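So the structure is just underneath, and the comments pick up after that.
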Amino acid sequence: TPLTSLIIELELLIYKDVDKCDPQLKSINSALSDAKRMVRLFNSILDLSKASYDKSNIVFKSLRVDDVVFEAKESLESLNSEYNIDIIYEGSNLESGDDSWLIVYANDYLLKIAFFNLIENACKYSLDNRCVVVIGFLDNKLSIKFLDNGEGFETSDLEKVFTPFYRGSNSEGKDGFGIGLALVKKIVTLHDANIYIDKNCDSGGSIVTIIF
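Under the numbering used here, the first residue of the sequence shown carries the number 23, and numbering increases by one thereafter.
If you want it as structure tokens, here you go:
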């Protein structure tokens, strides 16, 4: 709440009838940017805390995992119109008309945060701001893959990417705090699922896979 009040005050200063050439305007814009960045940091830390709760204190329910993917997609696109997100279904069971394989027992709030972070990362690190999400079913397991066409992770980074506040060697010049993947890992573990990061041999980027 204090940060929200600060942001509102700074925005009011900017949108008042001020001289656009006033040197103070640059300082106000910088302060506003820092305040918004701090809000994102605090929200990430709070979500990391929620994902660390005892599982018995978190509400789970049956839901369609692709609905949560689409919600995360829409939320991210509303914040950044330059991001391109494609969602693909794959698997031999698609023609059967049975969509029960898409049902998972999950907390929709936390799952959306995980998907949002993975899609945002893929878009942020892709050369064309694109993420491809592949929802598939194989050997009685539901998988969701997040593909980018960026530089990919260095081998030395792969063992550390899920550590809070760790940022890989490919993150230089990219906005972030090193919390996203740590948060995703906690949420995935909370849902008794597994997460893997591999090299995308086709594009040179990365593939992050969650298997329920």
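Ideal Cβ placement from N, Cα and C applies to all residues, glycine included.
Every value quoted in this text rests on a predicted model; they were computed, and no experiment measured them.
Problem - Residues of its chain near phenylalanine 234, where Cβ-Cβ distance is below 6 Å and the 5 sequence neighbours each way are ignored - result: Closer than 6 Å at the Cβ level, and outside the excluded window around phenylalanine 234, lie Val126, Leu164, Ala215.
Practice task
Just grab the DSSP bridge partners of arginine 59 for me.
Solution key: DSSP lists no partner for arginine 59.
Exercise for the section: For leucine 149, name the three-state secondary structure that DSSP assigns. Expected result: Coil, per DSSP.
Handout entry: Of the residues Ile109, Leu68, Leu25, Lys167, the one placed nearest lysine 221, counting alpha carbons only
Key = Ranking Ile109, Leu68, Leu25, Lys167 by Cα distance to lysine 221 puts Lys167 first.
Practice task
Return helix, strand or coil for aspartate 44, following the three-state DSSP convention.
Solution key: DSSP places aspartate 44 outside both helix and strand once states are collapsed to three, so it counts as coil.
Problem - Contact set for lysine 207: own chain, Cβ-Cβ below 7 Å, skip 5 residues either direction - result: For lysine 207, where only same-chain residues beyond five positions count, the Cβ hits under 7 Å are Phe184, Ile217.
Practice task
Determine the direct distance from the alpha carbon of threonine 23 to that of leucine 54, and round the result to whole angstroms.
Solution key: Taking the straight line from one Cα to the other gives about 15 Å.
Exercise for the section: Go to valine 230, then tell me how far its beta strand (DSSP E) extends in each direction, as first and last residue. Expected result: Residue range 228 to 233 is occupied by the beta strand (DSSP E) that includes valine 230.
Problem - Close-in-space but distant-in-sequence residues of the same chain around glutamate 104 (CB under 6 Å, 5 per side omitted) - result: Same-chain partners within the cutoff: Asn151.
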